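S.K.: To convert, count from 1 in the sequence shown and add 527; that's our numbering. Yeah, the Cβ is synthetic: ideal placement off N, Cα and C, and Gly gets one too. Keep in mind that this is a model prediction, so the values were computed, not measured. Below is a structure I'd like to ask you about.
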Amino acid sequence: MKVAGKPMRSADFGRKAFAMKAFLKSDLFLRFLGGFAIGAVGMVMLQPEEPPMFSSTAVAATSTDGSAL
């Protein structure tokens with residue numbers, strides 16, 4: 528991080544890289560990633576085979592078919 532016009536030291540990069548590696552290996556991140564993967568697979572597998580019943584009704588309700596409102 529650049530503070531008061533001083534350039535960033537190379538030690539700052541190493542410290543930030545270590546912190547990022549530690550976070551990516553943490554239980555918090557791994558549990559989040561696992562839950563995300565399970566949720567994504569579940570969303571794909573639980574998709575309905577037929578379109579929802581209400582979609583055709585909503586489309587039909589928007590057309591006037593020449594009738595006066």
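Please tell me whether Phe559 and Phe550 are closer than 7 angstroms, where the distance is taken between their beta carbons.
M.R.: Not a contact, by the Cβ cut-off of 7 angstroms.
S.K.: Between the alpha carbons of Gly566 and Lys548, how many angstroms are there, rounded?
M.R.: Answer to the nearest angstrom: the Cα atoms are 25 angstroms apart.
S.K.: If you follow the alpha helix (DSSP H) that Leu555 is part of, which residue opens it and which one closes it?
M.R.: Its alpha helix (DSSP H) spans residues 554–572.
S.K.: Does any residue of chain C have a CB that is nearer than 7 angstroms to the CB of Val568?
M.R.: No chain C appears in the structure shown, which is made up of a single protein chain.
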